[in-house]
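Peer 1:
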Amino acid sequence: MKEGYPRHVKPDHKPFDPLQLGASTEGIVCKDSMRKYTDFYCTGVYGGISTGYVVGCCLRCIFCWVDFSRDYPEKFGRFYSPENAFEQLLRNAKKNRVKKMRISGGEPTLCRGHLLGLLDLTEGTDYLFILETNGMFFGADEGYVKELTKYTNIRVRISLKAGTPEGFQRRTGAKGDLYKLPYKAIRYLIREEIPFHVAAMSDQRLMPSEERAVMLRKLKEIGYRDFLEEEACDPYPHTIYRVKEAGLSIFNRQ
Ligand code: SF4
Numbered sequence: 001m002k003e004g005y006p007r008h009v010k011p012d013h014k015p016f017d018p019l020q021l022g023a024s025t026e027g028i029v030c031k032d033s034m035r036k037y038t039d040f041y042c043t044g045v046y047g048g049i050s051t052g053y054v055v056g057c058c059l060r061c062i063f064c065w066v067d068f069s070r071d072y073p074e075k076f077g078r079f080y081s082p083e084n085a086f087e088q089l090l091r092n093a094k095k096n097r098v099k100k101m102r103i104s105g106g107e108p109t110l111c112r113g114h115l116l117g118l119l120d121l122t123e124g125t126d127y128l129f130i131l132e133t134n135g136m137f138f139g140a141d142e143g144y145v146k147e148l149t150k151y152t153n154i155r156v157r158i159s160l161k162a163g164t165p166e167g168f169q170r171r172t173g174a175k176g177d178l179y180k181l182p183y184k185a186i187r188y189l190i191r192e193e194i195p196f197h198v199a200a201m202s203d204q205r206l207m208p209s210e211e212r213a214v215m216l217r218k219l220k221e222i223g224y225r226d227f228l229e230e231e232a233c234d235p236y237p238h239t240i241y242r243v244k245e246a247g248l249s250i251f252n253r254q
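Okay, so the sequence shown: first residue is 1 according to the numbering used here, each after it adds one.
1. Answer yes or no: the CB of Arg-60 versus the heavy atoms of ligand 1, is any distance below 7 Å?
2. Looking at C-alpha atoms only, which residue of Phe-138, Glu-74, Val-145, Thr-133 is the closest neighbour of Cys-30?
3. Can you tell me which of the three DSSP states Ala-185 falls into?
4. Per DSSP, which one or two residues make a beta bridge with Val-243?
5. Suppose you measure from the CA of Gln-254 to the CA of Cys-64; what does that come to, to the nearest Å?
6. Could you check the C-alpha separation between Leu-228 and Lys-220 for me, to the nearest Å?
7. Which first and last residues belong to the beta strand (DSSP E) in which Lys-36 is found?
8. Answer with buried or exposed for Arg-14, where buried requires no fewer than 16 other C-beta atoms within 10 angstroms of its C-beta.
9. Which residues mark the beginning and the end of the beta strand (DSSP E) in which Thr-51 is found?
10. Can you name, in chain order, every residue of its own chain whose Cβ lies under 8 Å from the Cβ of Ser-209, other than the five neighbours on each side?
11. Please say whether Phe-137 and Gly-22 have beta carbons closer to each other than 8 Å?
12. Could you say if the stretch 111–119 and the stretch 69–83 meet the contact criterion of at least three C-beta pairs nearer than 8 Å?
13. Along the chain, where does the beta strand (DSSP E) that runs through Tyr-80 open and close?
14. With His-114 as the anchor, note down where its beta strand (DSSP E) starts and where it stops.
15. Expressed to the nearest angstrom, what Euclidean distance is found between the alpha-carbon atoms of Glu-26 and Arg-191?
16. Could you please give me the residues that DSSP links to Ser-159 through a beta bridge?
17. In the DSSP output, which residue or residues are listed as bridge partners for Cys-30?
18. Do the stretch 120–127 and the stretch 148–157 meet, that is, are 3 or more Cβ pairs less than 8 Å apart?
19. Do Gly-163 and Glu-211 have their C-beta atoms within less than 8 Å of each other?
20. Using the Cα positions of Gly-173 and Gly-48, report the straight-line distance between them to the nearest angstrom.
21. Measure the alpha-carbon distance for Gly-4 versus Gly-77 and round it to whole angstroms.
22. Going along the chain, which residues of its own chain have a beta-carbon closer than 6 Å to the beta-carbon of Gly-105, five neighbours each way excluded?
23. Have a look at Ser-159 and Thr-109 and give me their C-alpha separation to the nearest angstrom.
24. Is it the case that the CB of Glu-107 approaches a heavy atom of ligand 1 more closely than 7 Å?
25. Can you give the Cα-Cα distance for Phe-251 and Cys-61, rounded to whole angstroms?
26. Pull up the distance between the alpha-carbon of Glu-166 and that of Tyr-179, whole angstroms please.
27. From what residue to what residue does the alpha helix (DSSP H) around Arg-217 run?
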């Protein structure tokens, strides 16, 4: 493991390049078209969805609920090919009679070959694949978004973390100027007519109302007219730990 691999945000943290962190994380969690997973299960969100819990992300959000597989990807998970992962997703979907699938826990757009392999397998079935993403890789590469146009049963949920460079750097640990990438991703999704909606971690304990107003203005400027799913920061154990490590105090029980 390379020295300096970011684990979680501290008050004096040095901002990292999220695309570089994504690439070094891929070196740990991707092998050919395989990706590391820690679990497969069904959950009630989206009215019931079969979920694969993947390892690895390119951000270090202080409000992240994901377990320590995000911070220490070398220690968690085992590799699954797209076929093996799809088999697990399908088995749980059938058992629980749900019609949706996703990968969660880490950032699904890491390990591009794996994700596209999974989407290939989902295409032509009667399952809807919900692609949850932080939008960093999509914003950095329009070609990646274009590749989604061939899939008919996909819906993207892109989650914004900030409305300003300062907010982005403070809450994700990444270099502030790259906060624009998810907004670029939204432009590309609109242009390519991919079904999607935007979510935002706009909890007022984390995002000041002025920043929220900037975020809403930006969304309007780029032509986003659909609904905004505003997220609240819930006190999951790993969230409490990360918020505290970042030097903030937003939960009563902290
Ligand atoms: S909240 Fe999402 S984007 Fe942020 S670190 Fe966790 S998994 Fe990554």
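Note that the Cβ used here is the ideal one computed from N, Cα and C, for glycine as well.
Peer 2: With the given structure in hand:
1. yes
2. Glu-74
3. Correct three-state label for Ala-185: helix.
4. Among the bridge pairs identified by DSSP, Val-243 is matched with none.
5. Caution applies to Gln-254, whose pLDDT of 49 falls short of 50 and renders its modelled position unreliable; the model cannot decide the point.
6. 11 Å
7. 34–43
8. Sequence inspection shows Lys at residue 14; the Arg mentioned does not correspond to that position. When all chains shown are included, Lys-14 counts as exposed.
9. 49–54
10. If you ignore the 5 residues before and after Ser-209, its C-beta comes within less than 8 Å of no other C-beta in its own chain.
11. yes
12. yes
13. 78–80
14. Here His-114 belongs to no beta strand (DSSP E); instead the alpha helix (DSSP H) covers 112–122.
15. Going from the Cα of Glu-26 to the Cα of Arg-191 covers about 28 Å.
16. Ala-199
17. Arg-35
18. yes
19. yes
20. 32 Å
21. Between the alpha carbons of Gly-4 and Gly-77 lies a distance of about 22 Å.
22. Cβ within range, chain order: Tyr-53, Val-54, Val-66.
23. Rounded to whole angstroms, Ser-159 to Thr-109 spans 13 Å at the Cα level.
24. yes
25. 16 Å
26. 9 Å
27. 209–221
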